[in-house]
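Chains as they are written, first to last, in this note's numbering: chain C, 1 to 106; chain D, 107 to 272.
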C-alpha cells in the first residue's frame, strides 16, 4: 500500500476519533432530548467521514458514496423520528429533559 | 494527490464547528453549528473524490435536517432570561472539560497515528464504476432498503402524532 495513503489515514483518523469523543460527550452530558440527537448526529458525521476516507484510500469511492447515501437516508429518518419523540415528550410533559420522563409507564 | 495543508485546515474547522455545536447555550445556534459542520464535511468529501455524496451531505444534512430541527425547536417554549443564565452556568460546569479532553486526546493520538506503524491491506486497483451506475445496477437492494426505511419513518411519525379516539 502507498505509504502516503497510510499517512492520510492516520491523520484523518485522529480527527474522526476527536469527532466521536465530541458526540459521545454531548450525548452523555446533555439533559435535553434535542441535544442528545445533535450528539448522535455528530457521531454519524464521524462515521460518514471514515467511510469516505476508506473508499478514497482503497480506490473504491463509488462504493463508499453508495454506502454514504444509504447512511444519509437512514440518518434523516432517525432524525425525523427522534424529533417527533422529542415533540411528543414536550406535549405530554411540557419538558424535554430525559430525567423528567419518569412518569412513562409500559 | 491531495493537498494536505488545506485538508488539515478543513479538519480543524470541522472539529471547531462540532465543538461550538456542543458547547453553545442556545439551541438555535447549536443547530446552525451542526449545519456548518455538515457543510465543512461536504467540502472534505468533495476533496476526497466523492462529489455525489458531498452534494447529498450538503443538501440533506446541512439543509433539510437543520429545517427539521428548527421546526422541532419552534414548537417548544422560549427560555426566559433567568433560565438562560442558569443554563449557561450549568452547561459551563459540565462542558468546560471537553476542549481540554479534545486537546489531550488529539496530542496523544497524534503521537501514534500521525505516522502510523500499521499497514493497510493491499488491494488490487478496482475497476471503478460511476457511483450512479453502481447504485442503480449493483446496489439496487440498498435503494429498496432506503424506501422501506423512509416508509417506516413516516409510519413512526404518524403513530407518534395520532390523536387519541374520544
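Glycine included, every Cβ here is placed at the ideal spot set by N, Cα and C.
Since we're looking at a predicted model, the values are computed, not measured.
Check: Are the C-beta of residue 162 of chain D and some C-beta of chain C separated by less than 7 Å?; Outcome: yes
Check: Flag this pair as touching only if the segment 54–69 of chain C and the segment 168–182 of chain D have three or more C-beta atom pairs under 8 Å; answer yes or no.; Outcome: no
Check: Would residue 269 of chain D be called buried (16 or more neighbouring beta carbons within 10 Å of its own) or exposed?; Outcome: exposed
Check: Of all the CB atoms in chain C, is at least one closer than 7 Å to the CB of residue 155 of chain D?; Outcome: yes
Check: So, does the segment 107–126 of chain D touch the segment 7–24 of chain C, judging by three or more C-beta pairs under 8 Å?; Outcome: yes
Check: Residues of chain C with CB closer than 8 Å to the CB of residue 308 of chain D, please, in chain order.; Outcome: Nothing can be reported for residue 308 of chain D, as the shown portion of chain D is limited to 107 through 272.
Check: May I have the straight-line CA-CA distance separating residue 15 of chain C from residue 83 of chain C, to the nearest angstrom?; Outcome: 28 Å
Check: For residue 86 of chain C, which residues in the same chain have their Cβ closer than 6 Å to its Cβ, ignoring the five residues on either side in sequence?; Outcome: 33, 34 and 96
Check: Ends of the alpha helix (DSSP H) at residue 115 of chain D?; Outcome: 110–129
Check: Going by beta-carbon coordinates alone, are residue 155 of chain D and residue 4 of chain C separated by less than 7 Å?; Outcome: no
Check: Quick check: is the beta carbon of residue 181 of chain D nearer than 7 Å to any beta carbon in chain C?; Outcome: yes
Check: Relative to the C-alpha of residue 77 of chain C, which candidate in D:202, D:175, D:183 and D:185 has its C-alpha closest?; Outcome: D:175
Check: Count the other C-beta atoms from every protein chain shown that fall within 10 angstroms of the C-beta of residue 36 of chain C, then say buried if there are 16 or more, exposed otherwise.; Outcome: buried
Check: First and last residue of the alpha helix (DSSP H) that includes residue 139 of chain D?; Outcome: 133–153
Check: For chain D, check one thing: does any of its Cβ atoms lie closer than 7 Å to the Cβ of residue 47 of chain C?; Outcome: no
Check: With distance defined between alpha-carbon atoms, name the residue in D:212, D:203 and D:257 nearest to residue 117 of chain D.; Outcome: D:212
Check: For residue 219 of chain D, count neighbouring C-beta atoms within 10 Å of its own C-beta (all shown protein chains included) and say buried if the count is 16 or more, exposed if not.; Outcome: buried
Check: Exposed or buried, what is residue 61 of chain C when buried is set at 16 or more other beta-carbons lying within 10 Å of its beta-carbon?; Outcome: buried
Check: Indicate the three-state DSSP secondary structure (helix, strand or coil) for residue 65 of chain C in the structure shown.; Outcome: helix
Check: Taking only the alpha-carbon atoms, compute the straight-line gap between residue 44 of chain C and residue 149 of chain D and give it to the nearest angstrom.; Outcome: 16 Å
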